[in-house]
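Undergrad: The structure follows.
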């Protein structure tokens with residue numbers, strides 16, 4: 001995988017006439033993980049939504065591999081986002097949900113393989129409606145594994161996961177970084193991800 | 001590694017929406033039942049005066065079809081917006097307007113195509129002549145996709161509002177008027193034995209204009225609703 005780089009220059013965000021952050025700079029390269037910390041309402045989700053291009057920053061620019069992100073379609077080829085909602089359809093089965101995600105992106109792992117990795121083997125034919133909150137979260141993360149997306153943007157990826165699953169996902173995130181991927185995440189939990197990979201931003 | 005082509009993405013969106021609709025069959029029948037009910041109530045209220053029914057039948061069928069389409073389009077993007085799959089759809093390397101077109105096509109397949117099958121029966125019930133029914137069907141075939149396409153813009157614009165339904169109707173009804181006028185004048189011409197090709201070509205032109213242009217503002221409005 002060639003080296004990718006996400007660079008933010010002097011980002012600022014104002015919401016309801018409150019300055020959430022200003023003059024935010026960071027550079028994230030392949031193999032690095034960015035952890036965004038801050039109390040509730042500090043602007044973590046707003047920052048992520050700016051990084052995904054859903055929201056325009058009040059000022060500042062974003063660069064993906066040294067090119068300003070104007071044409072978001074090229075950027076979206078490389079980017080996966082998991083927000084507060086999992087983006088799963090309740091009345092589709094787990095497999096149908098993943099198949100749909102794959103048909104919009106580049107396929108890497110097979111669906112069965114990805115489901116096995118997140119510990120959902122045997123749930124392929126289950127409607128998402130009948131899955132628990134934690135299982136849905138795991139399914140959303142399986143979507144990351146079965147599509148080729150170097151940059152993962154994760155908003156509270158560990159909500160409703162049990163301790164064993166959190167450990168499992170920290171491993172996935174670490175492996176992804178070690179394979180040259182980039183991860184940006186917000187989290188309330190203390191992570192056990194090695195500090196050599198980790199950058200932190202405190203809002 | 002396998003890259004997905006635009007066509008693959010387009011058909012995946014349509015297929016997903018068809019499967020979802022199949023799993024919510026009850027909602028699928030709603031607009032259809034509405035269409036049939038409105039039309040069957042008219043002769044009951046007007047009395048069995050054949051000449052009058054024959055005269056106003058095309059208008060009744062068209063207005064009922066228009067309202068049925070308006071009724072079902074409200075939910076075009078709502079579920080996707082609520083469960084986060086809209087974000088997923090925006091974040092693809094493919095052009096969002098093409099995926100929007102896929103969603104609208106699915107809506108058309110689900111809401112308008114069934115009406116096309118029932119409309120001839122409704123026409124017979126209202127004593128329409130068979131050749132006029134043919135023209136009516138043609139106008140529905142050309143006009144209903146335009147209703148879905150234009151409705152898509154209004155739905156996308158009002159997506160961020162909790163109670164956007166009323167605003168949506170106000171936005172969209174004036175834009176529905178031209179298609180209604182051309183369709184009813186085509187059927188009128190057919191009833192009086194005049195050629196209808198002029199009206200139909202005009203509707204064709206509107207249809208192609210709508211297919212090429214409406215997905216762009218719809219896609220832009222969807223992106224706006226996410227910010």
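Chains as they are written, first to last, in the working numbering: chain F, 1 to 203; chain Y, 1 to 227. Heads up, the beta-carbon is just placed ideally off N, CA and C, and yes, glycines get one too.
Looking at residue 200 (chain F): is its Cβ nearer than 8 Å to the Cβ of residue 96 (chain F)?
TA: No, they are not a contact pair.
Undergrad: Got a sec? Which residues, its chain only, sit under 7 Å from residue 57 (chain F) by beta carbon, not counting five neighbours each side?
TA: Once the five neighbours on either side are set aside, the close Cβ partners of residue 57 (chain F) are 11, 12, 13 and 50.
Undergrad: Where do the N-terminal and C-terminal ends of the beta strand (DSSP E) with residue 80 (chain F) fall, by residue?
TA: Start and end: 79–82.
Undergrad: Looking at the C-beta of residue 123 (chain F), does it have a partner C-beta in chain Y at a distance below 8 Å?
TA: Chain Y, which has no Cβ nearer than 8 Å to the Cβ of residue 123 (chain F), makes this no.
Undergrad: Starting from the C-beta of residue 18 (chain Y), find all residues in its chain whose C-beta is less than 8 Å away, skip the five residues before and the five after it, and write them out in chain order.
TA: Excluding sequence neighbours, residue 18 (chain Y) sits near 106, 109 and 110.
Undergrad: Could you say if the region 210–217 of chain Y and the region 145–155 of chain Y meet the contact criterion of at least three C-beta pairs nearer than 8 Å?
TA: The region 210–217 of chain Y is in contact with the region 145–155 of chain Y.
Undergrad: When DSSP labels each residue in this structure, what does residue 29 (chain F) get in the three-state scheme?
TA: DSSP places residue 29 (chain F) in strand when its eight states are reduced to three.
Undergrad: Find out if the Cβ-Cβ distance for the pair residue 80 (chain F), residue 149 (chain F) is shorter than 8 Å.
TA: Yes, the pair counts as a contact, with Cβ atoms nearer than the cut-off.
Undergrad: Just grab the DSSP bridge partners of residue 158 (chain F) for me.
TA: In the DSSP output, where bridge partners are listed per residue, residue 158 (chain F) has none listed.
Undergrad: Distance, Cα to Cα, residue 43 (chain Y) vs residue 123 (chain Y)?
TA: Answer to the nearest angstrom: the Cα atoms are 12 Å apart.
Undergrad: List the whole-angstrom C-beta distance separating residue 77 (chain Y) from residue 13 (chain Y), where the pair is believed to meet the contact cut-off of C-beta under 8 Å.
TA: 12 Å between Cβ atoms; not a contact.
Undergrad: With a cut-off of 8 Å, do at least 3 Cβ pairs link the region 113–133 of chain Y to the region 125–132 of chain F?
TA: Touching, no, given that fewer than three Cβ pairs across the two stretches are closer than 8 Å.
Undergrad: Mind checking who residue 200 (chain F) pairs with in its DSSP beta bridge?
TA: Beta-bridge pairing links residue 200 (chain F) to F:35.
Undergrad: Please tell me whether residue 267 (chain Y) and residue 176 (chain Y) are closer than 8 Å, where the distance is taken between their beta carbons.
TA: Limits of chain Y in this structure are 1 at one end and 227 at the other, which puts residue 267 (chain Y) out of reach.
Undergrad: Hey, how far is the Cα of residue 28 (chain F) from the Cα of residue 33 (chain Y)?
TA: Taking the straight line joining both Cα atoms gives about 56 Å.
Undergrad: Report the residue from F:188, F:34 and F:20 whose alpha carbon sits nearest the alpha carbon of residue 198 (chain F).
TA: Nearest C-alpha to residue 198 (chain F): F:34.
Undergrad: Counting only beta-carbon atoms, is residue 107 (chain Y) nearer than 8 Å to chain F?
TA: Cβ-Cβ to chain F under 8 Å: no for residue 107 (chain Y).
Undergrad: I want to see whether chain Y comes within less than 8 Å of residue 101 (chain F), judged by CB atoms only; does it?
TA: Interface residue, yes.
Undergrad: Quick one: is residue 55 (chain F) near chain Y, going by C-beta distance under 8 Å?
TA: At least one chain Y Cβ lies under 8 Å of residue 55 (chain F).
Undergrad: Apart from the five residues just before and just after residue 44 (chain F), which ones in its own chain have a Cβ nearer than 7 Å to its Cβ?
TA: Hits under 7 Å: 36, 38, 186 and 203.
Undergrad: Which residues, in chain order, does the region 68–85 of chain F contribute to contact with chain Y at a C-beta distance below 8 Å?
TA: Answer set for the region 68–85 of chain F: 73, 74, 76, 77, 79, 80, 81, 83, 84 and 85.
Undergrad: Out of curiosity, what's the CA-to-CA distance linking residue 51 (chain Y) and residue 205 (chain Y)?
TA: Answer to the nearest angstrom: the Cα atoms are 33 Å apart.
Undergrad: Tell me the DSSP secondary structure of residue 196 (chain Y) in three-state form.
TA: Note: residue 196 (chain Y) maps to coil in three-state DSSP.
Undergrad: Check whether chain Y comes within 8 Å of residue 142 (chain F), counting only Cβ atoms and requiring the distance to be less than that.
TA: Cβ-Cβ to chain Y under 8 Å: no for residue 142 (chain F).
Undergrad: Could you spell out where the beta strand (DSSP E) holding residue 8 (chain F) opens and where it closes?
TA: That run of the beta strand (DSSP E) goes 5–15.
Undergrad: To the nearest angstrom, report how far apart residue 47 (chain F) and residue 28 (chain Y) are at their CA atoms.
TA: If you take the alpha carbons of residue 47 (chain F) and residue 28 (chain Y), they lie about 39 Å apart.
Undergrad: Which residues mark the beginning and the end of the alpha helix (DSSP H) in which residue 111 (chain Y) is found?
TA: Taken as a continuous stretch (DSSP letters only), the alpha helix (DSSP H) holding residue 111 (chain Y) covers 96–111.
Undergrad: Say whether chain F places a C-beta atom closer than 8 Å to the C-beta of residue 83 (chain Y).
TA: Judged by the 8 Å Cβ criterion, residue 83 (chain Y) is in contact with chain F.
Undergrad: Who are the near neighbours of residue 218 (chain Y) in its chain, counting only those whose CB is closer than 6 Å to its CB and skipping five residues on each side?
TA: Cβ neighbours of residue 218 (chain Y) beyond the five flanking positions: 100, 152, 153 and 156.
Undergrad: Using a cut-off of 7 Å between C-beta atoms, extract the partners of residue 226 (chain Y) located in chain F.
TA: Result: 54.
Undergrad: Expressed to the nearest angstrom, what Euclidean distance is found between the alpha-carbon atoms of residue 222 (chain Y) and residue 104 (chain Y)?
TA: Those two C-alpha atoms are separated by around 13 Å.
Undergrad: Could you tell me whether the Cβ atoms of residue 128 (chain Y) and residue 69 (chain Y) are closer together than 8 Å?
TA: Taking 8 Å as the Cβ cut-off, residue 128 (chain Y) and residue 69 (chain Y) do not qualify as a contacting pair.
Undergrad: For the alpha helix (DSSP H) containing residue 184 (chain F), name the first residue and the last one.
TA: No alpha helix (DSSP H) contains residue 184 (chain F), which is instead part of the beta strand (DSSP E) from 182–186.
Undergrad: Could you name the residues that DSSP lists as bridge partners for residue 93 (chain F)?
TA: Residue 93 (chain F) pairs with F:127.
Undergrad: Apart from the five residues just before and just after residue 231 (chain Y), which ones in its own chain have a Cβ nearer than 7 Å to its Cβ?
TA: Given that chain Y is displayed from residue 1 to residue 227, the structure contains no residue 231 (chain Y) and the question cannot be resolved.
Undergrad: Counting Cβ pairs closer than 8 Å, one from the region 61–75 of chain F and one from the region 100–107 of chain F, do we hit at least three?
TA: Touching, no, given that fewer than three Cβ pairs across the two stretches are closer than 8 Å.
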